[in-house]
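Below is one structure, written out as structure tokens, with a few remarks after it.
Protein chains in written order, with this note's numbering: chain E, -16 to 117; chain L, 112 to 238.
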């Protein structure tokens, strides 16, 4: 079995679980802990027809901006675990690409966003880190 | 156009300065089973990432994209990069926290081995 670090190898030669990571521990609606956030204010993580999806809402005035639903990938804590504890998804708005990457720990979801503008507006690529509760 | 208020166009922007990210970064955890060290270097207009996995696996080089804290630009506080091996894809996502580099690796296997996609985090200091 090929690897690029020890973490890629199942311990003791055990058989891997099959490759499916169950996102259910992360499913639900998550709200930003910072009610004055100018970034992402709400995340909906759901399963739709067997597919894991995310729907994000950005801070807006007078209403949050609905980013719509995109496919998401669930991650476990090891190659042998099937329990989802992290998620990634990409939004391509045309003028902007946002990579969302989050992990859950102790009832909190920690979201990092990596944002790159493609519209020649001169806006800098920027990073954000935000915290969410259900 | 904006997707959230933090996207709003500023009065003035500054190019991203990647220098806070550059150098050789070593893992605090000498018993890590993930990444032992990484190097970020400027080569022309590119930021080049070089990773070594444990035990002594050279991942080679890939381009890293730096990120500032706001649309105004300025000093880099984070980067993202991707490694595409023929059995696993790894997104390397990192940010600086008081000179500590926090590196998250999001790995997805596509070799039919049955291994789960997984997330792992490590912390690095500048040599």
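We treat Cβ as the ideally placed atom computed from N, Cα and C, and that holds for glycine.
Quantities reported herein were computed from a predicted structural model and do not represent experimental measurements.
Problem set entry | Within-8 angstroms CB hit, residue 235 of chain L to chain E | no
Exercise. When you compare only the Cα positions, how much space is there between residue 172 of chain L and residue 45 of chain E?
Worked result: 45 angstroms
Problem set entry | Cβ distance (whole Å) where residue 82 of chain E is taken to contact residue 191 of chain L below 8 angstroms | 7 angstroms
For this session: Consult DSSP for residue 204 of chain L and reduce its assignment to one of helix, strand or coil.
Result: strand
Exercise. So, helix, strand or coil for residue 172 of chain L, using DSSP?
Worked result: strand
Exercise. Beta strand (DSSP E) containing residue 128 of chain L: first to last residue?
Worked result: 125 to 128
Exercise. For residue 209 of chain L and chain E, any beta-carbon pair shorter than 8 angstroms?
Worked result: no
Exercise. Relative to the alpha-carbon of residue 56 of chain E, which residue among L/230, L/153, L/213 has its alpha-carbon at the smallest distance?
Worked result: L/230
Problem set entry | Three-way DSSP call (helix, strand, coil) for residue 7 of chain E in this model | helix
Exercise. Which residues, taken in chain order from the stretch 86 to 99 of chain E, show a beta carbon closer than 8 angstroms to some beta carbon of chain L?
Worked result: 86, 95, 97, 98, 99
For this session: Compare the C-beta of residue 17 of chain E against all C-beta atoms of chain L and say whether one is closer than 8 angstroms.
Result: no
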